[in-house]
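These notes concern the structure reproduced below.
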Amino acid sequence: MGDAMVMMPSKTVELPVPARKLTIMNALLCGFHATFATITLVVGNTDLKVPVYGSGVKLIVGGTNGSNIGTDAEEGFALKPDFSERATWLYLTWATACFFLLSFFFHLGNALLWRKPYLRLLASGYAPFRWVEYTFSASVMILILAYTAGTTTLPVLVALFGFTAITMAFGHLHEVICRPKSLEEWAVSNPLERLQAHIIGYVPQVFAWVLVIAQFLEAGGQSTTDSKGETSQMPAFVYGIVFGELLIFWCFGIVQLVVSLRPPAKYYQGEIAYMWLSLFAKGVLGLLVLSNVLMLGSFTEIYESES
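Going by UniProt numbering, the sequence shown opens with residue 1, and the numbers climb by one from there.
So, in structure tokens, the structure goes:
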């Protein structure tokens, strides 16, 4: 008679949280990201900017299916894509410093500014500050990664930013659904029910990375030969950025999956794993971009040493 009801815990379960350890780690990571942001702005070329193109269309009237063949043709029309107009600029050095500064600010908050609510929410099985930070920092990171890999059109870059931000929203929603019943059990015992938001979160993430990889494979296969007979093509370090960050980004999902399949008492270990992954992801992208791109006079110089 009627649908089965899932009973949520009547009182909040307090999970173990190593407050001192997490505070120290957040303070250290705050210093790390502040240092890297400073190095990026001091060593990098802050004037380095790259064009981002729009995706307008032109109406072609006449000819077969709008091909405009023949000056006397009057029938048929088509909408022809036009990517020739620059829509805006992307300042790569400032964008790189941006995700370091975002992480600096949130780690500072976790260690000092909002330390008490941060620890209290972790003890309840929530980490909203993490997901807010990732919403912005990961979305900025994928813009830099995607542009370096060959995505230069504004609508696609906006879509990548949006897909990444939506993925983080599902990460937070998962923690809202996945509540602890005790230190050893989750309120929702069925793993598929408990992981529904986590699983749906892979949808925008897959779309984002399919766009990045597809454009990268197309751009990576391109080459050009100058008047001296020298061939230029996609630099090798870009392959490291794309596939290295692909692996790291997907590890974040694996961490949440593992945390949700283990007892709630070990929830704090996921927070520590996220902190290490975040450090690694930002450090790898920042170092590769800084050492290969940001000190150059122009973005096209990354191709000059290839033969």
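Each residue gets a CB set at the ideal place from its N, CA and C atoms; glycine is no exception.
Through-space distance from residue j to residue i, alpha-carbon basis
i	j	result
Val-176	Leu-122	12 Å
Ala-159	Gly-201	15 Å
Thr-153	Pro-264	43 Å
Met-5	Ala-197	Confidence at Met-5 is low in this model, with a pLDDT of 42, below 50, so its placement is unreliable and the value that follows should be read with caution. Cα to Cα, the separation comes out at about 19 Å.
Gln-269	Pro-155	38 Å
Met-141	Leu-15	32 Å
Ala-236	Phe-249	20 Å
Val-52	Ala-273	35 Å
Pro-117	Val-203	31 Å
Val-258	Leu-217	32 Å
Ala-87	Ser-124	45 Å
Ser-84	Cys-178	48 Å
Val-255	Ile-60	51 Å
Pro-191	Gly-54	44 Å
Asn-292	Glu-193	45 Å
Arg-20	Leu-28	12 Å
Arg-262	Phe-161	31 Å
Option in the options with minimal Cα separation from residue i
i	options	result
Ala-167	Glu-185, Val-156 and Tyr-134	In the sequence on display, residue 167 carries Thr and not Ala. Checked all of Glu-185, Val-156 and Tyr-134; the closest Cα to Thr-167 is Tyr-134.
Leu-91	Lys-49, Phe-243 and Arg-115	For clarity, residue 91 is Tyr in the given sequence; the question names Leu instead. It is Lys-49 whose Cα lies nearest to the Cα of Tyr-91.
Val-13	Gly-240, Trp-250 and Tyr-126	Tyr-126
Glu-185	Thr-151, Lys-266, Gly-240 and Arg-120	Lys-266
Cys-98	Ala-138, Arg-86 and Leu-113	Ala-138
Leu-113	Asn-26, Phe-170, Lys-21 and Arg-262	Asn-26
Met-275	Arg-130, Leu-246 and Val-284	Arg-130
residue 322	Ile-254, Gln-256, Val-284 and Arg-20	Because residue 322 is not part of the residues shown, which for the chain are 1 to 307, the question remains open.
Gln-205	Ser-189, Leu-246 and Glu-193	Leu-246
Glu-271	Glu-193, Leu-119, Ser-189 and Asn-190	Leu-119
7 Å CB neighbourhood of residue i in its chain, flanking five on each side removed
i	result
Phe-207	Phe-163
Cys-30	Phe-104, His-107, Leu-108 and Ala-111
Arg-115	Thr-23
Val-238	Thr-148 and Ala-149
Asp-47	none
Gly-56	Asp-82 and Glu-85
Thr-71	Low confidence applies here, because Thr-71 scores a pLDDT of 47, under 50, leaving its location unreliable; read the following figure in that light. Correct list: empty, nothing qualifies.
Val-132	none
Proximity of residue i and residue j at Cβ, strictly below 8 Å
i	j	result
His-174	Pro-128	no
Ser-260	Leu-183	no
Leu-145	Val-210	no
Phe-252	Leu-279	no
residue 320	Phe-136	Outside the modelled stretch of the chain, which goes from 1 to 307, sits residue 320, for which no answer is possible.
Sequence-distant residues of the same chain with beta carbon closer than 6 Å to residue i, five excluded per side
i	result
Gly-220	Met-234
Pro-18	none
Lys-58	Lys-80 and Asp-82
Gln-215	Gly-150 and Thr-151
Ala-165	Thr-135 and Ser-139
Met-1	Low local confidence applies: a pLDDT of 41 at Met-1 is under 50, so the model's placement there is unreliable, with the coordinate-based value given in what follows. Excluding sequence neighbours, Met-1 sits near nothing in its chain.
Neighbourhood of residue i by C-beta distance below 8 Å, restricted to the same chain and skipping five residues each side
i	result
Phe-100	His-33, Ala-34, Phe-36, Ala-37, Thr-40, Lys-282 and Gly-286
Trp-89	Lys-49, Val-50, Pro-51 and Val-52
Val-289	Leu-92, Thr-96, Ile-144, Thr-148 and Ile-241
Phe-170	Ala-197, His-198, Ile-200, Gly-201 and Pro-204
Contact with chain E by residue i, beta-carbon distance below 8 Å
i	result
Leu-143	Looking at the structure shown, chain E is missing, and only one protein chain is on hand.
Any non-hydrogen atom of the ligand FAD within 7 Å of residue i CB
i	result
Phe-216	No copy of the ligand FAD appears in this structure; indeed no ligand is present at all.
Problem set entry | Ordered list of alpha helix (DSSP H) runs contained in the segment 19-54, each at least 4 residues | 19-43
Exercise. Enumerated in chain order, which unbroken segments of the alpha helix (DSSP H) with a length of 4 residues or greater are wholly contained in the segment 123-176?
Worked result: 128-148
Exercise. Which residue spans inside the segment 230-272 form an unbroken beta strand (DSSP E) run of at least 3?
Worked result: 231-233
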